[in-house]
Amino acid sequence: MTSVQDSLIFRNILSHPPTAEIWNDRTRTKYYLDFEAALAKAQARLSIIPQDAADAIVKVCFDVDTLIDWDLLRQQTEHIGYPVLGVVQQLVARVNEHSPTGEKWGEWSHWGATTQDLTDTASVLQIRDTLNVIENFLNQIISALRDLSQKHKSTPMAGRSNLQQAVPISAGFKFARLLATFLRHKDRLGELRKRVLVLEFGGAAGTLATLSPGGSDDIGLRCQEELAKELGLDVPDTSWHTERDRIAEFGFFCTLVTGTCAK
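Residues 117 to 379 (my numbering) make up the sequence shown, in order.
Shown next as structure tokens:
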């Protein structure tokens with residue numbers, strides 16, 4: 117089964133090469149490994165896992181193409197239904213291969229995390245990259261519309277009203293209205309970042325309980341803060357495994373921008 121995105125002829129009509137690169141398998145898997153490396157660093161700082169284990173995990177996560185057997189990952193994903201478990205299994209095996217004799221540092225990989233943590237955080241990192249691309253386009257569009265609004269402020273054209281021509285307007289006025297819309301989109305993008313570029317790390321049920329089995333301290337929340345810092349994301353107010361409003365808001369924003377561009 118193929119899609120238009122697989123077509124050499126049509127794929128760039130429905131996608132943009134830089135954003136297609138952000139959302140491909142390799143980049144998503146790289147962000148899985150970035151999460152695992154950042155988690156190991158954060159947990160070693162808090163003495164949750166041994167420093168030697170963290171060093172071994174970080175070293176192996178450095179190069180996605182060296183670590184990942186893509187054909188094996190495809191098979192694992194087809195068998196399980198999602199790629200995270202296959203990535204973690206390959207990570208554990210590779211770290212163990214490179215650990216000193218008798219050590220199994222790979223067993224400390226993914227400590228206290230769950231599949232949804234990786235899935236959501238990788239998506240957030242992809243969204244962050246995508247928003248940077250969109251912001252660059254918005255800046256170019258806004259600059260062009262400012263110039264056109266000024267250049268054509270006295271250029272007459274027919275206005276439109278209820279499916280017919282109406283009173284005269286200037287082309288500059290028409291461009292200015294579009295400019296105002298794109299400026300609002302730029303504001304929305306800034307607001308969006310605060311709500312969407314947020315870490316997901318809650319463990320199996322969102323409680324971080326496996327990092328502090330007795331519930332005696334705040335080590336789980338401290339680990340969450342350290343991990344967010346490593347990845348350059350905000351700390352969540354609570355885990356959001358089943359609360360999808362962040363992802364939905366990004367989709368709504370893209371819909372608004374696309375609709376305006378379609379005019």
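Cβ coordinates follow ideal geometry from the N, Cα and C atoms, glycine included.
| Query | Result |
| --- | --- |
| Helix, strand or coil at G202 according to DSSP, with G and I counted as helix | helix |
| Separation of H195 from D185, as counted between CA atoms | 15 Å |
| Assumed close pair H268, G288 - CB separation to whole angstroms, cut-off 8 Å | 4 Å |
| Inter-residue Cα distance where the pair is L347 and I285 | 50 Å |
| Inter-residue spacing [alpha-carbon to alpha-carbon] between S259 and N128 | 25 Å |
| Exposure of I125, with buried meaning 16 or more beta-carbon neighbours within 10 Å | exposed |
| Strand pairing of Q280, partner residues [DSSP] | S277 |
| Outcome for Q167 when other beta-carbon atoms lying within 10 angstroms are tallied against a minimum of 16 | exposed |
| C-alpha distance - L308 paired with W139, whole-angstrom precision | 19 Å |
| Given R303 as reference, the closest of A321, A209, L372 once Cα atoms are compared | One point to set straight first is that residue 303 is Asp, not Arg, in the sequence displayed. Nearest of A321, A209, L372 to D303, Cα basis: L372. |
| Collapsed DSSP secondary structure at R373 in the structure displayed | It is Val, not Arg, that sits at residue 373 in the sequence shown. V373: helix per DSSP, three-state reduction. |
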